[in-house]
Ligand code: ADE
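In the UniProt record's numbering, the protein residues as written are 6 to 225.
If you want it as structure tokens, here you go:
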């Protein structure tokens, strides 16, 4: 594989849906190897315990540092991926530039946690990056992990080959985003018309129009 993506989670089955969809389904087993690890499977604690109540009091549970260390050791021994990413609302915000950076890595580990999150020592000592998918708080890192996996998977060349050649040639220019507006049948609905140029059959004119539209839309 070109990218090995390992996700550590308490809910591996949550990823079932994602792996059956394009673009992930297309690149899985080829350019992308996705492995799901359950912290419970390698926890050194009894009864599958992975989290604990916070020192100093307060509500919620905190993912334990010894549990995450054991999971990483079981998966990698001494050869960790260069990028070990903790998903947390306190992290660097995920954007397309970071997605491109990650899609160029040979191996990535993604750590998710539930509820109150990680013991801070996990982020400080076991991770290379802390990443947030946006300025809001979710109940766990599984959705953020799926967002990251999807965004990386669709940047792999095999995922692009699935799309039409047309949008493919635009993708590089548009930084992976296809920012021009799309239309399909009917050509007129309630008097709302599809732009004439798209019905003209003139591919050069269509290309020019799309480029102009995407420039217009990207302008801040
Ligand atoms: N965990 C909870 N909220 C999150 C967010 N916005 N980004 C990443 N991980 C999270």
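We put the beta carbon where it would ideally sit given N, CA and C, even for glycine.
Rounded straight-line distance, which links the Cα of residue j to that of residue i
| i | j | result |
| --- | --- | --- |
| residue 186 | residue 161 | 24 Å |
| residue 174 | residue 25 | With a pLDDT of 47 at residue 174, under the threshold of 50, the predicted position of this residue should be treated as unreliable, and no value is reported. |
| residue 79 | residue 134 | 20 Å |
| residue 15 | residue 29 | 21 Å |
| residue 9 | residue 46 | 20 Å |
| residue 65 | residue 136 | 21 Å |
| residue 221 | residue 127 | 43 Å |
| residue 209 | residue 203 | 11 Å |
| residue 223 | residue 184 | 7 Å |
| residue 20 | residue 151 | 7 Å |
| residue 93 | residue 27 | 26 Å |
| residue 129 | residue 109 | 24 Å |
| residue 114 | residue 6 | 15 Å |
| residue 198 | residue 190 | 10 Å |
| residue 33 | residue 122 | 29 Å |
| residue 169 | residue 206 | Residue confidence for residue 169 is low, a pLDDT of 42 falling below 50, so the modelled location carries little weight and cannot support an answer. |
Opening and closing residue of the alpha helix (DSSP H) in which residue i lies
| i | result |
| --- | --- |
| residue 142 | Neither: residue 142 is in no alpha helix (DSSP H) and is coded neither H nor E. |
| residue 32 | 29 to 32 |
| residue 202 | 201 to 204 |
| residue 79 | 70 to 81 |
Per DSSP, cross-strand counterpart(s) of residue i
| i | result |
| --- | --- |
| residue 136 | 97 |
| residue 127 | Beta-bridge pairing links residue 127 to no other residue. |
| residue 211 | Answer by DSSP bridge pairing: none, since residue 211 is not bridged. |
| residue 198 | 193 |
| residue 115 | 12 and 90 |
Limits of the unbroken beta strand (DSSP E) element including residue i
| i | result |
| --- | --- |
| residue 11 | 8 to 14 |
| residue 42 | 37 to 43 |
| residue 50 | Where residue 50 is concerned, there is no enclosing beta strand (DSSP E), given that its DSSP letter is neither H nor E. |
Residue i Cβ short of 8 Å to the ligand ADE heavy atom set
| i | result |
| --- | --- |
| residue 44 | no |
| residue 127 | no |
| residue 138 | yes |
| residue 206 | no |
| residue 117 | yes |
| residue 144 | yes |
| residue 96 | yes |
| residue 203 | no |
| residue 65 | no |
| residue 141 | yes |
| residue 34 | no |
| residue 61 | no |
Whole-angstrom C-beta distance between residue j and residue i, which should lie under 8 Å
| i | j | result |
| --- | --- | --- |
| residue 138 | residue 107 | That pair is no contact at about 13 Å. |
| residue 68 | residue 56 | 5 Å |
| residue 96 | residue 117 | Residue 96 to residue 117, Cβ: 12 Å. No contact. |
| residue 31 | residue 125 | The Cβ separation is near 38 Å, so there is no contact. |
| residue 44 | residue 13 | 6 Å |
| residue 156 | residue 104 | 5 Å |
| residue 132 | residue 74 | Not a contact, Cβ separation roughly 11 Å. |
Residue i at chain D interface by Cβ criterion, 9 Å
| i | result |
| --- | --- |
| residue 192 | This model lacks chain D altogether, as it is built from one protein chain only. |
Any non-hydrogen atom of the ligand GDP closer than 8 Å to residue i Cβ
| i | result |
| --- | --- |
| residue 92 | The ligand GDP is absent from the structure shown, which contains only the ligand ADE. |
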